[in-house]
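Asker: Mind looking over this structure? Questions follow.
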Amino acid sequence: MPGKLFLRGRRFLTRPFTFVVVPPGGARTKAVRLPCWLLACAGLLFAGLAALSLSGLIGGYRARSERDELLKLRLVNERQQRELASLREEAEEARAYLEGVKELDERVRRMTGLLERREDYSSRSGSRDSARRLRLSTSAAEEDPAEVRRNLSAVQRVAAMARRDLEQLERDLQEHFKYLAALPDHWPVRGEVTSGFGERPSPFGGGRSEFHDGLDLAAEYGAPVAAAGDGVVVFTGYRPGYGHTVVIEHGYGYKTSYCHLSGYLVRAGERVTKGQRIALAGNSGRSTGPHLHFMVEKDGVLIDPLQVLKE
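All the letters of the sequence shown, read from the start, carry residue numbers 1 to 311 under the UniProt record's numbering.
Printed below as a string of structure tokens:
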């Protein structure tokens with residue numbers, strides 16, 4: 001049986017095919033005889049070339065598609081890298097900003113004496129949860145850049161509000177401490193009150209009463225006299241009745257006078273601090289003996305010094 005199939009195939013391949021060629025214009029026709037095997041080879045060759053061409057086209061299309069996809073991925077990667085680099089830069093700026101807020105917080109707490117009981121400023125300002133989002137190190141690359149940017153913006157907004165509040169608090173505290181330093185509440189000498197503010201019998205006799213415009217404080221002749229508060233010396237000189245006198249402007253409406261002095265340790269125009277020695281106690285002017293006559297004015301009106309002096 002296989003032998004018969006082989007013989008039939010062989011006869012088929014050797015059998016010729018005749019093609020008649022009819023030229024145009026009525027010329028003589030031509031007959032071309034080609035064996036079947038030649039036509040089969042030509043068909044196989046054509047099919048092989050067609051398959052090879054089709055394979056090349058498909059391969060070229062796939063290569064172009066892969067190249068385009070790779071280019072798209074590269075562009076996406078470059079864009080993400082730029083976004084991450086930008087986020088890292090913003091994160092570093094935010095960290096530096098938060099460090100500044102932290103330093104400001106500590107300065108304010110030092111001013112108020114609360115540093116020992118320090119709490120995280122973020123817990124008061126509501127920034128604790130947002131600050132946790134500011135972790136843009138190795139894990140940031142795995143997060144959504146848009147979500148990271150939103151978290152970063154939230155941290156920056158909270159930090160900016162905290163900084164504004166702390167800066168205002170710092171200014172208020174500085175002004176308050178400036179006021180406390182200027183307030184004339186420091187006793188100018190370490191002596192007892194020998195005569196208070198207000199009406200009193202005249203120490204010079206005669207059965208008369210008089211208005212005493214300050215405090216008389218016991219002091220030995222030449223004892224140091226201290227400024228009751230920070231301020232500027234506006235007068236040093238002799239005044240009738242008060243003798244040698246130093247006058248200090250403290251601001252905030254306060255002015256103090258130190259009278260019956262025996263000497264000066266400061267000059268007009270000089271800035272002094274609370275507790276600084278400014279003069280020496282004496283007995284100049286209308287006086288019955290060595291002491292310090294101390295006067296306080298508030299907004300141009302004499303007041304009882306005991307209203308401001310520390311107890």
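The C-beta atom is built at its ideal place from N, Cα and C for all residues, glycine as well.
Along the beta strand (DSSP E) that carries H291, what are the first and last residues, could you check?
Answerer: H291 -> beta strand (DSSP E) spans 291-298.
Asker: Hey, S262 and G222 are a contact pair by Cβ (cut 8 Å); roughly how many whole angstroms apart?
Answerer: Contact flag correct, Cβ pair sits at about 6 Å.
Asker: Quick one: grab the DSSP three-state call for L217.
Answerer: Strand at L217.
Asker: Let me know if I58 comes out buried or exposed under the rule of 16 or more other beta-carbons within 10 Å of its beta-carbon.
Answerer: Exposed: under 16 other Cβ atoms inside 10 Å.
Asker: How big is the Cα-Cα spacing for G191 and A219?
Answerer: Looking at the two C-alpha atoms, the distance is approximately 6 Å.
Asker: Between the alpha carbons of V272 and L292, how many angstroms are there, rounded?
Answerer: Each residue's alpha carbon lies about 19 Å from the other.
Asker: Grouping DSSP H, G and I as helix and E and B as strand, with all else coil, what is G222?
Answerer: G222: coil per DSSP, three-state reduction.
Asker: Once you ignore the five residues that flank L309 on each side, which residues in its own chain have a CB closer than 7 Å to its CB?
Answerer: Cβ within range, chain order: D185, W187.
Asker: Would H244 and Y252 qualify as a contact pair, given that the criterion is a beta-carbon distance under 8 Å?
Answerer: Contact flag unset, no.
Asker: In whole angstroms, what separates the C-alpha of P170 from that of E103?
Answerer: Just to set this straight, residue 170 is Glu in the shown sequence, not Pro. Taking the straight line joining both Cα atoms gives about 12 Å.
Asker: May I ask you to report which of helix, strand or coil DSSP gives P184?
Answerer: Of the three classes helix, strand and coil, the one that applies to P184 here is coil, per DSSP.
Asker: Tell whether a beta-carbon distance below 8 Å holds between D213 and M295.
Answerer: Yes; because the gap between Cβ atoms is below 8 Å, this pair is in contact.
Asker: Using the Cβ count rule (16 or more neighbours within 10 Å means buried), how would you classify Q81?
Answerer: The residue is exposed, with fewer than 16 neighbouring Cβ atoms inside 10 Å.
Asker: Anyone know if the C-beta pair for L173 and V108 falls short of 8 Å?
Answerer: Against a cut-off of 8 Å, the Cβ pair of V108 and L173 comes out as a contact.
Asker: Rank A268, V266, S202, L306 by C-alpha distance to the C-alpha of S287 and give the top, closest one.
Answerer: Of the listed residues, the one whose Cα sits closest to S287 is S202.
Asker: Short of 6 Å in beta carbon distance, which residues of its chain neighbour Y242, apart from the five on each side in sequence? Order them along the chain.
Answerer: Cβ within range, chain order: C259, G285.
Asker: If distances are taken between C-alpha atoms only, which option among A281, F177, V189, T194 comes closest to D230?
Answerer: Taking only the C-alpha atoms, the option nearest D230 is F177.
Asker: Does the beta-carbon of S127 have 16 or more other beta-carbons within 10 angstroms, so that it is buried, or is it exposed?
Answerer: Note that S127 has pLDDT 45, beneath the 50 cutoff, so the model's placement of it is unreliable and no number is given.
Asker: What residue from A63, V189, F197 has the CA that sits closest to L280's CA?
Answerer: Of A63, V189, F197, the residue nearest in Cα terms is V189.
Asker: Report the rounded CA-to-CA distance for V193 versus E199, giving the unit in angstroms.
Answerer: Their Cα atoms are separated by approximately 15 Å.
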